[in-house]
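In terms of the UniProt record's numbering, the sequence shown opens at residue 1 and continues consecutively. Backbone N, C-alpha and C define an ideal beta-carbon position, used for all residues, glycine too. Here is the structure we will look at, set down as C-alpha cells.
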Amino acid sequence: MSEKKKTMTGAFGVPVGNDLNSKTAGPRGPVLMEDVHLLEKLSHFDRERIPERVVHAKGAGAYGEFEVTADVSKYTCAKFLSRVGKKTDVFVRFSTVGGEMGSADAERDPRGFAVKFYTEEGNYDMTGNNTPVFFIRDPLKFPDFIHTQKRNPQTNLKDPDMFWDFLSLTPESMHQVTVLFSDRGTPATYRHMNGYSSHTYKWYNAKGEYFWVQYHFKTDQGIRNFTGQEATAMCAKDPDHATRDLFESIERGEYPSWTLEMQILIPEQARDFKWDIFDITKVWPHAEVPPIEVGKLTLNRNPVNYFAEVEQAAFNPSNFVPGIAASPDKMLQGRLFSYHDTHLHRLGPNYHLIPVNQPKHAPEVSYQRAGAMRTDDGGGSGPNYWPNSMGAPGPDATFDEPPIPLDGDGGRHEYAHPNDDFVQPGNLFREVMTSQDRANLIGNIVGHLGGAQKRLQLRQTALFYMADSEYGAGVAKGLGLNLDEVRSLAGMSQEDRVKATAR
Ligand code: NDP
Ligand code: HEM
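Below, the structure is given as C-alpha cells:
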C-alpha cells in the first residue's frame, strides 16, 4: 500500500467515499446490489485464506545476513561462499511441524530451520530442522508418518496410538525419537536452538572435485530448553511465545546469530565410512569428522507484513546454486520433488514472483511463460522458446554440475544395516546426556507413551531397551510394564516382535 496516498481506494485505485455504511434502499431498506465497494470488500475477504502448509504450518520469520568467516573455496565454487568477509542477504523461517497454524509454539515437535540465501547466482535454500537426524529414511513413508502426527480421522484428536503404533513399527526412528523426547524437543525459543541440514549434501569446487557435507548452525545464544512441565505451562500461558520472542528481540536490537559449522568428507573417506552417509537417521561422529567453522548467520530485521513475507515464503530443498547440489539420500531425493509441487498448490505457478521468494540479486531469465498471477512483464516481447537465434540468453555449460559415478540395479532396496539403528541413540543416551537429561527423557516418554495401548507400550519400550538396557528399564518402570516381557520382546526379530504385540 502506498504510504503517501491520503484517500482510501478500492482495489483498482478509485477513491472510496464511505466505508462505514452499506448502500441501502432508504435508511431501513435492503442492501443494493450496486454497492460494488461492499461486494469487492466481502468477496476479497471470502478468499483471504490460502491453504496452510501441510506440515510446518505454524512459524515465524525474519531477515538478516550471512557472512563468510573461513576460506572454503577449495570445497565449493558457490560465489556467496567465495571469500572471507562476503555477506549475503537471507530470510529465515522457524516452525513447528505437526500442529496447525494456531497451535502452540511450545509443543513437543522438531523445529523447522529454513534459510533462504539471496545470492548473486540465484536463491539457495537450506531447509533444515533443529535435529541432526530424522524419523524415517525413505520418502515413501513420509505421508504416513505425518498422518500419525496429525489428528485421528474419527475423533479429530491427536492420538498416541497412531503415533506409537507407527514409530514402533519403524525402528529406524529410534534416534530421532530419543532427540525429540529429550528436552531438545521443547526448545525455550527459536533463538536458543541449533539448525542442521540433517541430510548430506554435495559441494563441488571449480575443478569439479566433489565433497559430502552436513550443515550445523550452532546458536550463539546457547542452547536453552524447556522441561516437559515448563513446555506444557507455556502452551497454556502463551501459545505464541517463540514467535513473540523472535519479533521482540529483533525489535529491541538484540539480533540472534548462529555460527555455521560444516562437516566435510572426501569421497574416498565416505566409501569406507562406518555409517551410511546417505542415511538421515545417522550423524557423523564429531571425533571422526570434526566440524569446521564457515560463517555467521545474523537476523536483524522483522518482516513488515506477516502474510506477505512469512506465510507466502516458499523454501525448496531443490533450490541450489552452482557449487552445491543434492546427494543420493533417498529422503532428500523425495524432497526435491515435494516442495515445488506443494508450492504450486499452495501459492500458484508464479510463486517465485512473490517478493520474499524472488531471486533478488539474480533476476529470472527463463522461457517459462504466463500462468496465474504473472505479475512481472512475463518476458515482454522477447522470444518464448529455446533454442532461438534472436540473441536472447541461453544456457552456459560452465554452470553444469560435474558428473559423479553411479551404479546398481534399479529396484526397491532396503537399507543394508538395520541393526545400526540402535547404536547412535544408545550413545546419545549413555555418553552425551547427563543423568538429569536421561531422567527428563524417560519422564517425557512415559507421559506420552502412557496414553497408548499397552501392547504398543511394550513394543516401543523393547526398542528403547535395544538402544540401552537402562533406557528401556527406565521407561518400563515408569509405565509399570513387566521388565522380563520387555527384555523378551527386545530379544526377538522385529517381525516376531510385531506378531507378539499384534491386536
Ligand atoms: P559428541 O560428544 O562429539 O557430540 C555430541 C553432541 O550431542 C553435542 O555436540 C551436541 O550437539 C549434542 N547434544 C547434546 N545434548 C543433546 C541432546 N540432549 N539431544 C541431542 N543432542 C544433544 O559425540 P558424537 O559426535 O560422537 O555424537 C554422539 C551423539 O550425539 C550422536 O549419536 C547423536 O545422537 C548426538 N549428536 C551428534 C551430532 C553430530 O553431528 N555428530 C549432532 C547433534 C547430536 P551440538 O553440538 O550440535 O549442539
Ligand atoms: C515443509 C514435505 C522431510 C524440513 C514441508 C512442506 C512439505 C514438506 C510438503 C510444506 C512446504 C510449504 O507448504 O511451504 C516433506 C517431505 C519430506 C520432508 C515429502 C520427506 C520425504 C523434511 C526433512 C526436513 C524438513 C527431513 C529437515 C531436515 C522442512 C521445513 C519446512 C518443511 C523446515 C518448513 C519450511 C518453511 O518454513 O516454509 N516439508 N518434508 N522436511 N519441511 Fe519438509
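- In the three-state reduction of the DSSP assignment, proline 328 falls in the coil class.
- The beta strand (DSSP E) runs of length 3 or more contained entirely in the segment 273-342 are, from start to end of the chain, 292-301.
- Inclusion of glycine 85 and valine 68 in the CB contact set at 8 Å is warranted, their separation being smaller than that value.
- Per DSSP, the continuous beta strand (DSSP E) segment holding isoleucine 264 begins and ends at 257-265.
- With respect to proline 317, aspartate 125 sits close: the two C-beta atoms are nearer than 8 Å.
- Counting the other Cβ atoms within 10 Å of the Cβ of glycine 13 gives fewer than 16, which makes it exposed.
- Counting along the chain, the unbroken beta strand (DSSP E) around glutamine 214 starts and ends at 210-219.
- The DSSP-derived three-state label of glycine 491 is coil.
- Under the criterion of beta carbons closer than 8 Å, threonine 298 and glutamate 120 do not qualify as touching, at roughly 19 Å.
- Within the same chain, Thr96, Gly99 and Cys235 come within 7 Å of glutamate 107 by CB-CB distance, once the 5 residues on both sides are set aside.
- Taking asparagine 225 as the centre and dropping the five residues before and after it, the same chain places the C-beta of Asp183, Arg184, Thr186, Pro187 and Ala188 closer than 7 Å to its C-beta, in chain order.
- Short note on glycine 59: C-beta closer than 7 Å to some heavy atom of ligand 2.
- Secondary structure note for methionine 126: its beta strand (DSSP E) is the uninterrupted segment 122-129.
- Distances from the CB of threonine 227 to the heavy atoms of ligand 2 are all 7 Å or more.
- With contacts defined by Cβ atoms closer than 8 Å, proline 171 and leucine 449 do not form a contacting pair.
- When only Cα atoms are considered, valine 179 and arginine 438 end up about 11 Å apart.
- For the beta strand (DSSP E) assignment, the uninterrupted runs of no fewer than 3 residues enclosed by the segment 96-123 are, from N- to C-terminal side, 111-119.
- For phenylalanine 142, the shortest separation between its Cβ and any heavy atom of ligand 2 lies below 7 Å.
- The beta carbon of alanine 372 sits closer than 8 Å to the beta carbons of Gly348, Pro349 and Asn350 from its chain, once the five residues preceding and following it are set aside; these are given in chain order.
- Of the residues assessed, leucine 157 falls on the exposed side of the cut-off, its CB having fewer than 16 other CB atoms within 10 angstroms.
- At a cut-off of 7 Å, the beta-carbon of isoleucine 277 does not count as near ligand 2: no heavy atom of the ligand is closer than that.
- Straight-line measurement puts the Cα of asparagine 427 at about 28 Å from the Cα of methionine 162.
- Here lysine 23 has Leu32 and Asp35 as same chain residues with Cβ atoms under 6 Å from its own Cβ, once five neighbours each way along the sequence are excluded.
- Judged by their CB atoms, glutamine 333 and alanine 326 are nearer to each other than the 8 Å cut-off.
- For phenylalanine 66, the enclosing beta strand (DSSP E) covers residues 59-68.
- Within the model, the alpha-carbon separation for methionine 174 versus glutamine 229 is close to 23 Å.
- Assigned with DSSP and collapsed to three states, glycine 443 falls in helix.
- In this structure, alanine 313 has its CB closer than 7 Å to one or more heavy atoms of ligand 2.
- Taking a 10 Å sphere around the C-beta of leucine 458, we find 16 or more other C-beta atoms and assign the residue as buried.
- Annotated as distal: isoleucine 280 and phenylalanine 80, with beta-carbon spacing of 8 Å or more.
- Judged by DSSP in its simplified three-state form, threonine 88 adopts strand.
- A Cβ-Cβ distance of about 5 Å is found for the pair glycine 122 and proline 359, placing them in contact under the 8 Å criterion.
- Cβ-Cβ distances below 7 Å link aspartate 376 to Leu353 in the same chain, with the five nearest sequence neighbours on each side left out; the list follows chain order.
- Burial is judged here by how many other beta carbons sit within 10 angstroms of a residue's own beta carbon; arginine 28 has fewer than 16 and is exposed.
- Taking the C-beta atoms as reference points, phenylalanine 307 is found no nearer than 8 Å to phenylalanine 217.
- Contact check for isoleucine 266 against threonine 200 fails: the beta carbons are separated by 8 Å or more.
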